[in-house]
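Worksheet: the structure to be examined is printed underneath.
Residue numbers (the working numbering): 32 to 648.
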């Protein structure tokens, strides 16, 4: 149990540490909060003389005959105030004394609220800093995470984490932080004043606190178990929605709207049922604390009234009323603390989800003293390369030489390891055995950024970002070279349609490039690869998803892009790689044939069969 509480506190501390340096916020917040509490407390202490004046008890104000000598104590300030009030009553009458006290209360309220406002502003800056840093850390981790991580998580879950879970942190932990940094001070200071007024009555009220704590603790334990399941369901809803929107054409084409809706309804209904249980227990804290608060007040009235009526109380009537009013100001902070104890469970669950992402190790990292390589001089060598994923062999003991300036084509059935081989070259994964060497240097010894700057990639899926044409081409280039941009667009056969767009290179391409045709999107990605000007070019079935006319335009752009570059081509349409320097035929992760187009036809093997099949079609 103790370990669980410590773990919870560690998560909260870790979240707060995202706002470092805390010295910019906490000292100022605590300072302003304490001043706000003190000036707020003054308002209630001044109720005693007001009540005495209204009840005709001004003579009961025991003021010293002369102004008290200064000392930093409660009694000094109390005597000074009594002396001041008595002096006004004697010289100007009780009505003027009443006006003076009221003016003092107004001034005190204004000052108290100024300090409260300043405290809230300080905490607001801390809140925004924490949330900003959490989102930055999450995005950085997700964009630097190795690709193998995305095989075991759903995209919807990641989106939910960086949006909803972070928002949950703000709604619970950060709001709770404000309660923890303010309300305990209110409770302690007010209880100290109450104890000063009547020790016996205050001790009586404290006896009720453990009971409420036990009840709230029981509710929070139940809430945590339900809340975790509820958040997992929410992530599944996000993932299912994302999949549905991405595959909307397939859903409508197969008239599967009703079937998909039923699946969504099942998830949504399960989420609603668990939400009802969670909210029911969470909201139970409010009426429970309300009832407990009323019981305590009733108990105080009965016990204090008994003492007062039997002459056993140190308080007179006006002091007792002020005591009750002062105690009433403690009830809300106590309720806030009890509600926070319940609400914080949702924040802890969100924090666990966030930290599970942040703490997930990144498998692909720079080696110690990694090398920076700016030039590609001799070639690529693949030595005895083997790779498996989830204990399933994908690449089996492949060795291959790719001299600089040569065009190498990879051919084979789906799942034969073609794309995996190019992924290994870019270190999206690391092999279990063997290695890949560029100019004789193991790519594991190169800085990742250095390695990937040597490689440009054009894939079957033309991935564009919701930005301008220009920014998609110059992607990640801070110092834009206008001539280089125009050259890349021209070589990629994209200049003509770009110039015809409403704003030319400054035109938005839309979400995932949906404002462009498939061929136009692909030519933009080719222009991006040409602009990068990397010496190694990977073409992963770059024309397989295009119509014949678009394929011609894109293939022409590809032929221009391959000039003076070392190219690794993955192709299903064998007509596009007939002029490759070497064609590698893969099957189940192994090289079964290799040679140029003519020599492979003479072997009368798998490659020839694939060529004949495509010619038949």
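We treat Cβ as the ideally placed atom computed from N, Cα and C, and that holds for glycine.
Discussion item. At 3 residues or longer, what runs of the beta strand (DSSP E) sit wholly inside the segment 484-510?
Written reply: Fully enclosed beta strand (DSSP E) runs of 3 or longer: 486-490.
Worksheet entry | Distance between beta carbons of residue 282 and residue 453, contact taken as under 8 Å | Your numbering for residue 453 matches position 422 in the chain shown. Your numbering for residue 282 matches position 251 in the chain shown. With a Cβ gap of about 32 Å, residue 453 and residue 282 do not count as contacting.
Worksheet item: How long is the line joining the alpha carbons of residue 221 and residue 134, rounded to whole angstroms?
Response: As a working note, residue 221 is residue 190 in the chain shown. As a working note, residue 134 is residue 103 in the chain shown. Between residue 221 and residue 134, the C-alpha separation is close to 23 Å.
Fill in: Extent of the continuous alpha helix (DSSP H) to which residue 554 belongs
Translated into the one-based positions of the chain shown, residue 554 becomes position 523. Start and end: 549-563.
Worksheet item: Taking three-plus beta-carbon pairs below 8 Å as touching, is the segment 540-558 in contact with the segment 515-531?
Response: Contact between the segment 540-558 and the segment 515-531 is present: three or more C-beta pairs spanning the two stretches fall below 8 Å.
Worksheet entry | Candidates 425, 439, 436, 214: closest to residue 455 by CA position | Counting from 1 along the chain shown, the entry for residue 455 is found at position 424. Ranking the options by Cα distance to residue 455, first place goes to 425.
Worksheet item: Under 9 Å between the Cβ atoms of residue 298 and residue 402?
Response: Locating residue 298 in the chain shown gives position 267, counting from the first residue. Locating residue 402 in the chain shown gives position 371, counting from the first residue. Not in contact: residue 298 and residue 402 (Cβ atoms no closer than 9 Å).
Item to complete: Please confirm whether residue 60 and residue 212 have their CB atoms less than 9 Å apart.
Response: By 1-based counting over the chain shown, the position of residue 60 is 29. By 1-based counting over the chain shown, the position of residue 212 is 181. Residue 60 places its beta carbon less than 9 Å from that of residue 212.
Item to complete: Take residue 63 and list the residues in its own chain whose beta-carbon comes closer than 8 Å to its own, dropping the five residues that flank it on each side.
Response: The residue you call residue 63 lines up with position 32 of the chain shown. Hits under 8 Å: 146, 147, 149, 150, 153.
Worksheet entry | Distance between residue 185 and residue 270 (C-alpha atoms, nearest Å) | Your numbering for residue 270 matches position 239 in the chain shown. Your numbering for residue 185 matches position 154 in the chain shown. If I take the Cα positions, the gap works out to 6 Å.
Fill in: First through last residue of the beta strand (DSSP E) which encompasses residue 432
Residue 432 sits at position 401 when you count from the first residue of the chain shown. Per DSSP, residue 432 belongs to the beta strand (DSSP E) from 423-434.
Practice prompt. In the DSSP assignment, find the beta strand (DSSP E) that holds residue 50 and state where it starts and stops.
Written response: Mapped onto the chain shown, residue 50 falls at position 19. It is not in any beta strand (DSSP E) - residue 50 carries neither H nor E in the DSSP assignment.
Worksheet item: Does DSSP put residue 144 in a helix, in a strand, or in coil?
Response: By 1-based counting over the chain shown, the position of residue 144 is 113. Here DSSP, grouped into helix, strand and coil, assigns residue 144 to helix.
Practice prompt. Pull up the CB-CB distance for residue 192 and residue 169, whole angstroms please, since I reckon it's below 8 Å.
Written response: Position 161 of the chain shown, counting from 1, holds the residue named residue 192. Position 138 of the chain shown, counting from 1, holds the residue named residue 169. The pair is a contact, with the Cβ atoms about 7 Å apart (cut-off 8 Å).
Worksheet item: According to DSSP, what are the bridge partners of residue 598?
Response: Within the chain shown, the letter at position 567 stands for residue 598. 438, 568, per the DSSP bridge assignment.
Worksheet item: Secondary structure at residue 152, three-state DSSP: helix, strand or coil?
Response: Start at 1 with the first residue of the chain shown, and residue 152 comes out as number 121. In the three-state scheme derived from DSSP, where H, G and I count as helix and E and B as strand, residue 152 is classed as helix.
Practice prompt. Given a cut-off of 9 Å, decide if residue 532 and residue 511 are closer than it, judged by their beta-carbon atoms.
Written response: By one-based count along the chain shown, residue 511 stands at place 480. By one-based count along the chain shown, residue 532 stands at place 501. Contact: no.
Worksheet item: How big is the Cα-Cα spacing for residue 498 and residue 394?
Response: Along the chain shown, read from residue 1 onward, the residue named residue 498 stands at position 467. Along the chain shown, read from residue 1 onward, the residue named residue 394 stands at position 363. Each residue's alpha carbon lies about 31 Å from the other.
Discussion item. Pairs of beta-carbons, one from the segment 379-396 and one from the segment 415-422, closer than 8 Å: are there three or more?
Written reply: Touching, no.
Discussion item. With distance defined between alpha-carbon atoms, name the residue in 200, 457, 138 nearest to residue 480.
Written reply: As a first step, residue 480 is located in the chain shown; it is residue number 449 there, counting from the start. Checking every option, the nearest Cα to that of residue 480 belongs to 457.
Worksheet item: Near residue 472, which residues of its chain fall below 8 Å by C-beta distance, leaving aside the five closest residues on each side in sequence?
Response: On the chain shown, residue 472 is found 441 positions in, with the first residue counted as 1. 402, 404.
Worksheet item: In the DSSP assignment, what residue or residues form a beta bridge with residue 621?
Response: Within the chain shown, residue 621 is the residue found at index 590, counting from 1. 618.
Fill in: Strand pairing of residue 539, partner residues [DSSP]
In the chain shown, counting from the first residue as 1, residue 539 sits at position 508. Paired residue(s): 499.
Worksheet item: For residue 73 versus residue 128, is the C-beta spacing smaller than 9 Å?
Response: Numbered from its first residue, the chain shown carries residue 73 at position 42. Numbered from its first residue, the chain shown carries residue 128 at position 97. Their beta carbons are not under 9 Å apart, which means residue 73 does not touch residue 128 by this criterion.
Discussion item. Can you look up residue 418 in the DSSP assignment and give me helix, strand or coil?
Written reply: Along the chain shown, one-based indexing puts residue 418 at 387. Residue 418 falls in the strand class under three-state DSSP.
Worksheet item: For residue 571 versus residue 503, is the C-beta spacing smaller than 9 Å?
Response: As a working note, residue 571 is residue 540 in the chain shown. As a working note, residue 503 is residue 472 in the chain shown. Residue 571 places its beta carbon 9 Å or farther from that of residue 503.
Worksheet item: Per DSSP, what kind of secondary structure is residue 197 in: helix, strand or coil?
Response: Here residue 197 corresponds to residue number 166 of the chain shown, with the count starting at 1. Residue 197: helix per DSSP, three-state reduction.
Worksheet item: Does the separation of the CB atoms of residue 204 and residue 381 fall below 9 Å?
Response: By one-based count along the chain shown, residue 204 stands at place 173. By one-based count along the chain shown, residue 381 stands at place 350. Yes, these two residues count as a Cβ contact at 9 Å.
Worksheet entry | Terminal residues of the alpha helix (DSSP H) in which residue 467 lies | As a first step, residue 467 is located in the chain shown; it is residue number 436 there, counting from the start. Per DSSP, residue 467 belongs to no alpha helix (DSSP H); it is in the beta strand (DSSP E), 464-469.
Practice prompt. Give every residue of the same chain whose Cβ lies closer than 8 Å to the Cβ of residue 33, excluding the five residues on either side of it in the sequence, and list them in chain order.
Written response: Counting from one through the chain shown, the residue named residue 33 turns up at place 2. Low per-residue confidence applies at residue 33: pLDDT is 47, beneath 50, and the placement is therefore not dependable enough to give any value.
Discussion item. Quick check on residue 210: does DSSP put it in helix, strand or coil?
Written reply: Your numbering for residue 210 matches position 179 in the chain shown. In the structure shown, residue 210 sits in a helix (DSSP, three-state: H, G or I).
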